[in-house]
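Numbering (the numbering used here), first residue to last: 3 to 300.
Here it is, written out as structure tokens:
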């Protein structure tokens, strides 16, 4: 996909490279402390705070007081910026990545790898999902990520190459289905963020009890190929430095009863499992994205 590069794009790109370089010179704890401070600052500035509160109230509003909600959301902002810091520092962390990420449920990933049909790995805007992909690649699991396009073509190319250097393959949206089928034929795992608003192209299921348009493709491809769907997410540990990557469950479409072998049922099934993760670890969720844009609105 060729796009015209402007002076603004170059300035943004050089700024991104400069920030990444600077963060690599910090000690790890100090770099994460910077991320924590920036996240708190963004929360207090009110950036997308209305959206975050709206999402939280829809999903978990009956469980927490407004003060508790805001405390959780502030921490989710901090966690997100910490994740950006970690992404910037990943090449430096890669050699000893198992010090930072513990994979729980490794036997489920082994089952996905050995399925003979490839596998679809479903996760969401949850924890440091980029770190998860790098950890699986480092552990020897062949993994490709479905990735959208950045508005800045220079940053976009940089991020694609960055992921490849971390050991992940990249499948671009737009032609994703072709790339996914190819990866599955090669026996690879394909990582998909399955909690994005799909607008008119989606099937309506419930996410944390709220109607949400969700892309049909994951379930459709699984039904056509027989590839299993693994559901996974990653959570930052209480020390704020290390993470636990969870393999939660596997859906085998061809083992479901005939009446349940359909897009809506399978999509609801993995959405429910992801929603359980949000309820368990609400500070890890990326509350500022417009999950319910097509259904509830903002």
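For every residue, glycine included, the Cβ atom is placed at its ideal position computed from N, Cα and C.
Leaving out five residues on either side along the sequence, give the residues of the same chain with a beta carbon under 7 Å from the beta carbon of residue i.
i	result
residue 157	14, 15, 18
residue 141	105
residue 271	253
residue 197	126, 127, 209, 276, 293
residue 186	119, 120, 192, 227, 229
residue 7	155, 156
With a threshold of 6 Å on Cβ separation, who are the neighbours of residue i within its own chain once the five nearest residues in sequence on each side are excluded?
i	result
residue 209	273, 277
residue 144	190
residue 138	145
residue 90	22, 25
residue 37	83, 84, 87
residue 125	131, 234, 235
residue 295	199
residue 283	237
State the CB to CB distance for the pair residue i and residue j, rounded to an integer number of angstroms; the pair is presumed to be in contact (CB under 8 Å).
i	j	result
residue 204	residue 220	Not quite, the Cβ-Cβ distance comes to about 11 Å (not below 8 Å), so this is no contact.
residue 192	residue 120	7 Å
residue 228	residue 256	5 Å
residue 75	residue 55	7 Å
residue 265	residue 218	5 Å
residue 290	residue 50	4 Å
residue 237	residue 244	Wrong, their Cβ atoms sit about 10 Å apart, outside the cutoff.
Going by other Cβ atoms of all chains shown within 10 Å of its Cβ, with 16 needed for buried, is residue i buried or exposed?
i	result
residue 300	exposed
residue 288	buried
residue 128	buried
residue 118	exposed
residue 9	exposed
residue 45	buried
residue 286	buried
residue 43	exposed
residue 175	exposed
residue 239	exposed
residue 188	exposed
residue 47	exposed
residue 103	buried
residue 153	exposed
residue 58	buried
residue 150	exposed
Mapping DSSP to helix, strand and coil, what is residue i?
i	result
residue 245	strand
residue 135	helix
residue 213	strand
residue 250	strand
residue 15	helix
residue 147	strand
residue 185	helix
residue 300	coil
residue 23	helix
residue 232	strand
residue 267	helix
residue 272	helix
residue 195	strand
Near residue i, what residues of its chain come up, given a Cβ to Cβ distance below 8 Å and the 5 sequence neighbours on each side ignored?
i	result
residue 224	122, 230, 231, 253, 255, 268
residue 94	26
Those runs of the beta strand (DSSP E) which lie wholly inside the segment 149-181 and span at least 3 residues: 171-174
Which complete alpha helix (DSSP H) runs does the segment 41-80 hold, if anything under 4 residues is left out? 51-62
Threshold first: 4 residues or longer. Then list the alpha helix (DSSP H) segments lying entirely within the segment 80-120, N to C. 108-115
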